[in-house]
Amino acid sequence: MNSKVIKKIIEELLSDNVDSLGFNFWKLTCQRKLKKKLLFNKPPNSWKKVYFKSYPRLLKVNLEIPKSKGTKLFSIIKERKSGRNFKGKNLTLEYINKILYFSSGIRNFNKIKNNFDKSLRMYPSAGARYPLEIYPIILKSREVPLGIYHYNVKSNSIELLLEGNFRKKFSNEITDQNWIRRSGMIITITAVFPRTIVKYKERSWRYIFFEAGHLAQNIQLISTSLKLESCTIGGFLDEEVVELLDLNLKSELPLYLVVIGR
């Protein structure tokens with residue numbers, strides 16, 4: 304897919320005309336359009352290459368591959384709920400490690416032998432394109448500097464993008480949710496749209512939004528298993544998040560926030 308088509312689709316996404324976006328999605332993906340053959344006999348390499356984002360020059364905190372011991376799944380699902388009654392306690396690196404790895408980490412590290420195009424994550428992704436990026440904003444911890452991080456999936460580490468206390472920034476300016484001040488971490492989920500668009504074109508919007516939901520549910524279930532409270536937020540000022548994370552608007556946009564605390 305050429306850059307003009309990608310630019311046009313992203314402009315539609317950013318448009319105030321929501322009806323236009325919805326109508327165009329339906330028009331381009333309706334059943335009659337899908338009757339023609341969608342796949343090549345041999346998928347192109349662009350469909351197989353898995354991309355990773357990293358910040359090699361910044362401070363990196365290496366994480367571990369934690370042991371998968373915990374509460375039974377059925378109990379966790381039943382207990383999961385949106386909670387905001389944080390007591391302002393610090394999050395340990397162990398909590399941060401388990402939440403990030405078990406929600407979005409690579410689950411077959413031992414099998415891929417550094418062939419990361421064969422890597423698989425903890426959540427489903429259409430065509431294994433993995434467009435989502437995870438930015439933990441750590442608000443309360445004594446084990447790592449407070450600030451904005453990027454989760455480097457490939458190396459299973461967090462990279463410090465900007466050190467500082469961003470409680471007021473998120474509670475007052477970005478979300479207008481005062482209870483965030485007592486939380487320990489905000490996970491910002493973004494999407495690098497071209498990773499999926501190159502294969503699925505217009506239908507990418509559907510797949511990417513599904514994927515963000517899968518990931519957010521993982522985060523909440525893991526938080527529940529760790530006896531932490533969590534709450535998702537879809538209402539926030541996109542432009543403020545884009546500026547804070549220094550995102551490239553031509554390809555990467557914020558989708559979802561998950562607030563976690565104890």
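The numbering of the sequence shown is my numbering, which starts it at 304 and goes up by one.
Note that the Cβ used here is the ideal one computed from N, Cα and C, for glycine as well.
{"Query": "Where residue 384 sits in the DSSP three-state scheme", "Result": "coil"}
{"Query": "6 Å Cβ shell around residue 468 - same chain, five flanking residues per side excluded", "Result": "449"}
{"Query": "Helix, strand or coil at residue 496 [DSSP, three-state]", "Result": "coil"}
{"Query": "Runs of alpha helix (DSSP H) lying entirely within the stretch 395-431, each at least 4 residues, in chain order", "Result": "396-407 and 412-415"}
{"Query": "Residue 441 beta carbon less than 9 Å from that of residue 394", "Result": "yes"}
{"Query": "Reduced DSSP category for residue 522 - H, G, I as helix; E, B as strand; rest coil", "Result": "helix"}
{"Query": "Contact set for residue 522: own chain, Cβ-Cβ below 7 Å, skip 5 residues either direction", "Result": "402, 406, 490, 533 and 561"}
{"Query": "Euclidean distance between Cα positions of residue 470 and residue 437", "Result": "18 Å"}
{"Query": "Classification of residue 502 by the beta-carbon crowding that lies within 10 angstroms, buried from 16 upward", "Result": "buried"}
{"Query": "Three-way DSSP call (helix, strand, coil) for residue 535 in this model", "Result": "strand"}
{"Query": "Coil, strand or helix - residue 337 by DSSP", "Result": "Summary for residue 337: the model assigns pLDDT 46, below 50, so the residue's position carries little reliability; its value from the coordinates is reported in the next sentence. Three-state result, residue 337: helix."}
{"Query": "Nonlocal neighbours in the same chain, by C-beta distance under 8 Å from residue 411, ignoring five residues either side", "Result": "421, 422 and 423"}
{"Query": "Coarse secondary structure for residue 559, derived from DSSP in three states", "Result": "strand"}
{"Query": "Check: residue 496 C-beta below 8 Å from any heavy atom of the ligand GTP", "Result": "Ligands in the displayed structure: none, and consequently the ligand GTP is not present."}
{"Query": "Where the beta strand (DSSP E) through residue 465 begins and ends", "Result": "460-466"}
{"Query": "Bridge partners - residue 453, DSSP secondary structure assignment", "Result": "462"}
{"Query": "For residue 527, three-class secondary structure by DSSP", "Result": "helix"}
{"Query": "Proximity winner among 399, 375, 347 and 538, relative to residue 446 (alpha-carbon distances)", "Result": "399"}
{"Query": "Buried versus exposed, by CB contacts within 10 Å (16 or more), residue 455", "Result": "buried"}
{"Query": "For residue 364: DSSP bridge partner residues", "Result": "461"}
{"Query": "Assigned exposure category for residue 487 - 16 Cβ within 10 Å defines buried", "Result": "buried"}
{"Query": "Selected residue, minimal CA-CA separation from residue 361, among 461, 387 and 428", "Result": "461"}
{"Query": "Assigned exposure category for residue 391 - 16 Cβ within 10 Å defines buried", "Result": "exposed"}
{"Query": "Check whether residue 539 and residue 478 have beta carbons under 9 Å apart", "Result": "yes"}
{"Query": "Rounded separation between residue 475 and residue 517 - CA only", "Result": "28 Å"}
{"Query": "Whole-Å CB distance - residue 426 paired with residue 514, under 8 Å assumed", "Result": "7 Å"}
{"Query": "Coil, strand or helix - residue 438 by DSSP", "Result": "strand"}
{"Query": "Residue of 537, 463, 504 and 530 minimising C-alpha distance to residue 519", "Result": "537"}
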